[in-house]
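Sequence order for the protein chains is A and B. The opening residue of the first sequence carries number 33 in this note's numbering; numbering runs sequentially from there. The opening residue of the second sequence carries number 825 in this note's numbering; numbering runs sequentially from there. Presented below is the structure to which this report refers.
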Amino acid sequence: MAAQSITVRGLSKAFGRNTVLRGVDLDLPAGQVTALMGANGAGKSTLVKILCGVHAADAGEVRLDGRPFSPSGPAAALRQGVVTVHQNINDGVVPDLDVASNLLLDNLAEGGGLFLNRRRMRAEAERIADAVGLKIDVTRPVAGLPLADRQLVAIARAMAHRPRLLILDEPTSSLSLAEAQRLFALIDRLRQEGVAILYISHRMSDIRRLADRIVSMRDGQVSGLFEGKPLDYSGAVRAMLGHEITEVDITIPPPGAPMFEARGLRLKPEAQPFDLVLRRNEVVALTGLVGSGKSALAEVLYGIAAPEAGDMRLDGAPYRPQRPAQAVAAGVFLAAKDRLINSVIPQFDIQQNLTLPFTARHSGPLGLIRRAAERAAAERTIAAMGVVCQGPRDGILTLSGGNQQKVVVGRWMAEASRLLILDEPFQGVDIQARRDIGRRIRESAFDRATLVLCAEIDEALEVADRILVMSEHTIVGAHRNESIDLARLMAEVAGAADRTKEPA
Amino acid sequence: MTSLSPTDLAIRYGFLLLMAGMIVVFSVLKPAFLSPQSAVFILQSVAITGILALGVTATLVVDGFDLSIGAVATSAMMLSAYVMVIWEMGALTAVVLCLLMGAAVGLINGLLIVKMRVPDLLATLGMMFLLVGLQRIPTAGNSISTGMVLADGRTATGTFAPEFLMLGRHRIDFILPDLVPLSVVVLVVIAVLTWVFLELTRHGRVMYAIGSNAQAAALAGINVAGYRVLAYVISGVMASLGGILLAARLGRGDVASGNNLLLDAVAAALIGFAVLGAAKPNAFGTAVGALFVGILLQGLTMLNAPYYTQDFIKGAVLVVALVFTFALSGRSGRARR
């Protein structure tokens, strides 16, 4: 039994009425890599922020090497040996300074003499860089380094503190394969030196390569702990995504003619090409982990990005949109995920948010908006979606999250489309809003093809006639939504199905 | 309508009350302030800054900013003088060339910002410096007027066309004979057109969407880059129109005029945020803001306040207006959530 570097007991945290962590128990043994998995909103980031001193817990305790650990801030956590490398690489480095200054930044920030001794700084920096296998001229500015080197600088800087616990939050999300290999080699060395490592990722290939143990989180609790070789990867995914028997009965209608067809579509240079057919009167859910390529597919379909290869046809005609406006004109609509970033116009009221993509259809000569027609259209959508509000002129931010979501999803159902793509349409909404939105998607689907992207399998089961699984930017499974083999589906999501991938 | 709290009332009507109070104070101190002639003088001084301010409002709506408007206006003034006095062409040619120049500068500003990704403040600041120099190169830094001696020793014989001068000097009978300057009519027309464009057309709606959340606007299929460029073109054209009116009022291409245009116009547009608690750039607020600045300056002038005192008070009023807009209305916005 390895020494317990960190023990977490009964950790709870709420932001206002929103409870994010509900009594988390977690052990992070020294000299082991613990992979932490969890869907968006499972509470991973909050847990990390408590461990690295950004937030204080409401209840529960954290012990570091047996001593109580409740840092007053990130600097205090760092001094006590908890080091965090954040997802956003520039959080860990100051791009305008040279490598040496970055490596010694914490010492600089803590004071000391007034003047800098350049030669001593340089020698000290080279020693630190060497310790993580970073071979590079320390006088170069960080801004000129490739991403991987910047990340190694951030880690090297952290290592100078002789950490007890190293937290890596999605460290490979912007690295190439070769760059990731260098990072993995470094993690292997740190593991041997007895550092406890908490590795947060959605990439199954990383987790296979690194993890000694897997902890799954769901709804603010630890929903599964997996130890001992071989690790149960699909069990971990199942614990993370969860599955309760849904109350929604899907009656699969006869699908219509093909509306959208893609042949040999390749989303990334190293990804496998795949075919995709979406039919009229059919709701298809595409599920997969974060980063599996769902949103990349949406971007290709909506003209935000070009595919690496492949042909697309819409209603029989060639389809290759260059920008969203062309996709909309062709009848392909995308209700984007992350509504506050990608959908909501905060200064606008409900009505103006609803009609935003279609102002041309509600305006007359000289582009003058026909207010009565616009209002009538808004009221129709509000009724159809069941938006709870005083009226169409309420500000969008006065609505609850679920009702905001109904507005930004309803925006794209107000007009007829050929292909409607909904990226995480149930994101951050309560169960009632989720049912309302799902029902509306299904009852309006007869005249178009509908593609729903969702990471949660429950959501896919509630809304779809057919469920496709995406992993590593290609489609790895297809299921008709009748007596589905959930074990196989979960295995496909985890990327474990009939593939024996050795660590590279 | 729900009842409003005192804070809401202050945010909504505070600036209008402040303006009314200002008029009362000036009238008590200087009874002549209330005369129709004084009102006309205010309107005339408001006309040019008001038009510039409406232009900069268009860029503020798309969450941009145009610092080059003052320089565009003075460039248009110099260009119109050059066209008529030195090239001896007509009024129409001068007006058309000035407007084209304004549109071209706006287009370049827009492309710098959208295509070259230069931050808006820096792009238009650079353009401002460029134009301040450029407008003086053809005459080696001298003002342009009839009878001036050119670099090659000839004398400029062209004159400002009378119909051009009418734009700045003609007055229309309204209740009293010769009361309303033509430039004020131009301002009112431009203000109404801008208001209609921003509030009632889909183009204005879309521009507000871009200013509020450009990413969401782009994902709604809106040509964000195109509308951004359009906003700077509108700003450039409006600024050149202001410059035409300035030239028509002065009757010469005066290198020393127009120094305050940028500050006054920006102040008017930003004060406009606070009018009726809009908390966003808007044409009506900008027009009221321009009037506010005009009344303030006329009152201070009648009280014989020196220019530096006027600048100080103008700046102080601007700061107060910004507090109204951002601190107070922002707080009530959060409370509503």
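Ideal placement from N, C-alpha and C gives every residue a C-beta, glycine not left out.
For this session: Spell out whether any CB of chain B is found under 8 Å from the CB atom of G399 of chain A.
Result: Residue numbering aside, residue 399 of chain A sits at position 367 when the first sequence is read from its first letter. G399 of chain A counts as touching chain B.
Exercise. What does S395 of chain A touch in chain B if you count any residue whose Cβ is under 8 Å from its own?
Worked result: Locating residue 395 of chain A in the first sequence gives position 363, counting from the first residue. In chain order: T1025, R1026.
Problem set entry | Residues sharing a beta bridge with P173 of chain A, DSSP | By one-based count along the first sequence, residue 173 of chain A stands at place 141. In the DSSP assignment, P173 of chain A is bridged to A:D130.
For this session: Count the other CB atoms, across all protein chains shown, that sit within 10 Å of the CB of P1105 of chain B; report buried if there are 16 or more and exposed otherwise.
Result: Position 281 of the second sequence holds residue 1105 of chain B. Looking at its Cβ environment, which holds 16 or more other Cβ atoms inside 10 Å, P1105 of chain B is buried.
Exercise. Using a Cβ-Cβ distance under 8 Å, would L388 of chain A count as near chain B?
Worked result: As a working mapping, residue 388 of chain A is identified with position 356 in the first sequence. For L388 of chain A, the answer is yes, since a Cβ of chain B falls inside 8 Å of its Cβ.
Exercise. Taking all protein chains shown into account, do 16 or more other C-beta atoms lie within 10 angstroms of the C-beta of F1148 of chain B, making it buried, or fewer, making it exposed?
Worked result: Sequence index remark: in the second sequence, residue 1148 of chain B carries index 324 (1-based). Its Cβ being crowded by 16 or more others within 10 Å, F1148 of chain B is buried.
Problem set entry | Interface flag, V360 of chain A vs chain B, CB-CB below 8 Å | Position 328 of the first sequence, counting from 1, holds the residue named residue 360 of chain A. Yes, contact with chain B.
Problem set entry | Rounded separation between L867 of chain B and S899 of chain B - CA only | For the purposes of this step, residue 867 of chain B is identified with residue 43 of the second sequence, where counting begins at 1. For the purposes of this step, residue 899 of chain B is identified with residue 75 of the second sequence, where counting begins at 1. The alpha-carbon atoms of L867 of chain B and S899 of chain B are separated by roughly 23 Å.
Exercise. With DSSP run on the structure shown, which of helix, strand or coil describes Y334 of chain A?
Worked result: In the first sequence, the residue the question calls residue 334 of chain A occupies position 302. Correct three-state label for Y334 of chain A: coil.
For this session: Measure the Cβ-Cβ separation of Q304 of chain A and T39 of chain A and say whether it is below 8 Å.
Result: Within the first sequence, residue 304 of chain A is the residue found at index 272, counting from 1. Within the first sequence, residue 39 of chain A is the residue found at index 7, counting from 1. The Cβ-Cβ distance between Q304 of chain A and T39 of chain A does not fall below 8 Å.
Exercise. Can you name the start and end residues of the alpha helix (DSSP H) that Y231 of chain A belongs to?
Worked result: For the purposes of this step, residue 231 of chain A is identified with residue 199 of the first sequence, where counting begins at 1. Note, Y231 of chain A: premise wrong, no alpha helix (DSSP H); beta strand (DSSP E) at 228-232.
Exercise. Which bits of chain A does A1040 of chain B rub up against, with CB to CB less than 7 Å?
Worked result: Here residue 1040 of chain B is taken as the residue at index 216 of the second sequence, counted from 1. Those within 7 Å of A1040 of chain B in chain A are N374, S375, V376, I377.
Problem set entry | Whole-number beta carbon distance between V495 of chain A and A367 of chain A, since they are thought to touch under 8 Å | What you label residue 367 of chain A is simply residue 335 of the first sequence in a count that begins at 1. What you label residue 495 of chain A is simply residue 463 of the first sequence in a count that begins at 1. That pair is no contact at about 13 Å.
Exercise. Just the Cα atoms here: how many angstroms apart are E202 of chain A and Y231 of chain A?
Worked result: Residue mapping note: residue 202 of chain A aligns to position 170 of the first sequence, counting from 1. Residue mapping note: residue 231 of chain A aligns to position 199 of the first sequence, counting from 1. Each residue's alpha carbon lies about 7 Å from the other.
Problem set entry | Listed by chain order, chain B residues near L366 of chain A by CB distance under 8 Å | Here residue 366 of chain A corresponds to residue number 334 of the first sequence, with the count starting at 1. In chain order: L1043.
For this session: Note down, in chain order, each residue of its chain lying with its Cβ closer than 6 Å to the Cβ of S851 of chain B, except the 5 sequence neighbours on either side.
Result: Translated into positions along the second sequence, residue 851 of chain B becomes position 27. Closer than 6 Å at the Cβ level, and outside the excluded window around S851 of chain B, lie F857, L858.
For this session: Check K45 of chain A in the structure and name its three-state DSSP category.
Result: Here residue 45 of chain A refers to the residue found at position 13 of the first sequence. Residue state, collapsed to three classes: strand.
Exercise. What residue range is occupied by the uninterrupted beta strand (DSSP E) comprising S255 of chain A?
Worked result: On the first sequence, residue 255 of chain A is found 223 positions in, with the first residue counted as 1. That run of the beta strand (DSSP E) goes 253-259.
Problem set entry | Residue span of the alpha helix (DSSP H) that contains G982 of chain B, given as start and end | By one-based count along the second sequence, residue 982 of chain B stands at place 158. Segment: none, G982 of chain B is in no alpha helix (DSSP H) and carries neither H nor E.
For this session: Please specify which runs of the alpha helix (DSSP H), each continuous and at least 4 residues long, are wholly inside the stretch 462-488 of chain A, giving them in chain order.
Result: With a minimum length of 4 residues, the continuous alpha helix (DSSP H) runs that stay inside the stretch 462-488 of chain A are 463-475.
Exercise. In terms of residues, what are the limits of the beta strand (DSSP E) holding V1048 of chain B?
Worked result: Position 224 of the second sequence, counting from 1, holds the residue named residue 1048 of chain B. Counting along the chain, no beta strand (DSSP E) covers V1048 of chain B; the unbroken alpha helix (DSSP H) around it starts and ends at 1048-1074.
Problem set entry | Under 9 Å from the C-beta of A392 of chain A: neighbouring residues of chain B | On the first sequence, residue 392 of chain A is found 360 positions in, with the first residue counted as 1. Chain B residues near A392 of chain A: R1026.
Problem set entry | As assigned by DSSP and simplified to three states, the class of T873 of chain B | Residue mapping note: residue 873 of chain B aligns to position 49 of the second sequence, counting from 1. Looking at T873 of chain B - three-state DSSP - the assignment turns out to be helix.
Exercise. DSSP three-state call for A844 of chain B: helix, strand or coil?
Worked result: As a position in the second sequence, residue 844 of chain B is number 20, starting the count at 1. Helix, per DSSP.
Problem set entry | Within chain A, the residues that N1047 of chain B reaches when beta carbons sit closer than 7 Å | The residue given as residue 1047 of chain B occupies position 223 in the second sequence. Those within 7 Å of N1047 of chain B in chain A are A357.
Exercise. Apart from the five residues on each side of it in sequence, which residues of its chain come closer than 8 Å, Cβ to Cβ, to L386 of chain A?
Worked result: Numbered from its first residue, the first sequence carries residue 386 of chain A at position 354. Within its own chain, the residues whose Cβ lies closer than 8 Å to the Cβ of L386 of chain A, once the five positions on either side in sequence are excluded, are A409, A410, T413, I414, P424, V439, G442, R443, A446, listed in chain order.
For this session: Whole angstroms is fine: what's the gap from D1002 of chain B's alpha carbon to G992 of chain B's?
Result: On the second sequence, position 178 is the one that residue 1002 of chain B refers to. On the second sequence, position 168 is the one that residue 992 of chain B refers to. Looking at the two C-alpha atoms, the distance is approximately 13 Å.
Exercise. Secondary structure at E225 of chain A, three-state DSSP: helix, strand or coil?
Worked result: For the purposes of this step, residue 225 of chain A is taken as the residue at position 193 of the first sequence. Shown here, E225 of chain A sits in coil according to DSSP, grouped into three states, outside any helix or strand.
Exercise. When the distance is taken between beta carbons, is A1103 of chain B closer than 8 Å to A877 of chain B?
Worked result: Locating residue 877 of chain B in the second sequence gives position 53, counting from the first residue. Locating residue 1103 of chain B in the second sequence gives position 279, counting from the first residue. Inclusion of A877 of chain B and A1103 of chain B in the CB contact set at 8 Å is not warranted, their separation being larger than that value.
For this session: Anything in the stretch 1089-1116 of chain B with a Cβ closer than 7 Å to a Cβ of chain A? List those residues in chain order, please.
Result: Against chain A - using a Cβ distance shorter than 7 Å - the residues of the stretch 1089-1116 of chain B are K1104.
For this session: Let me know the secondary structure DSSP gives P397 of chain A once reduced to three states.
Result: Residue 397 of chain A sits at position 365 when you count from the first residue of the first sequence. Three-state DSSP puts P397 of chain A in a helix.
For this session: Determine, using beta carbons only, whether Q384 of chain A comes closer than 8 Å to chain B.
Result: On the first sequence, position 352 is the one that residue 384 of chain A refers to. Yes, its Cβ sits closer than 8 Å to a Cβ of chain B.
Exercise. What is the DSSP secondary structure of M972 of chain B, counted as helix, strand or coil?
Worked result: Indexing the second sequence from 1 puts residue 972 of chain B at position 148. Coil, per DSSP.
Exercise. Got a sec: is the Cβ-Cβ distance from R1161 of chain B to anything in chain A below 8 Å?
Worked result: Looking up residue 1161 of chain B in the second sequence gives position 337. At R1161 of chain B the pLDDT is 28, less than 50, meaning the model places this residue with poor confidence; the figure from the coordinates comes in the next sentence. Judged by the 8 Å Cβ criterion, R1161 of chain B is in contact with chain A.
For this session: Using a threshold of 8 Å, state whether the C-beta atoms of V525 of chain A and L329 of chain A are closer than that.
Result: For the purposes of this step, residue 525 of chain A is taken as residue 493 along the first sequence, with counting starting at 1. For the purposes of this step, residue 329 of chain A is taken as residue 297 along the first sequence, with counting starting at 1. If you check the CB distance, V525 of chain A and L329 of chain A do not come in under 8 Å.
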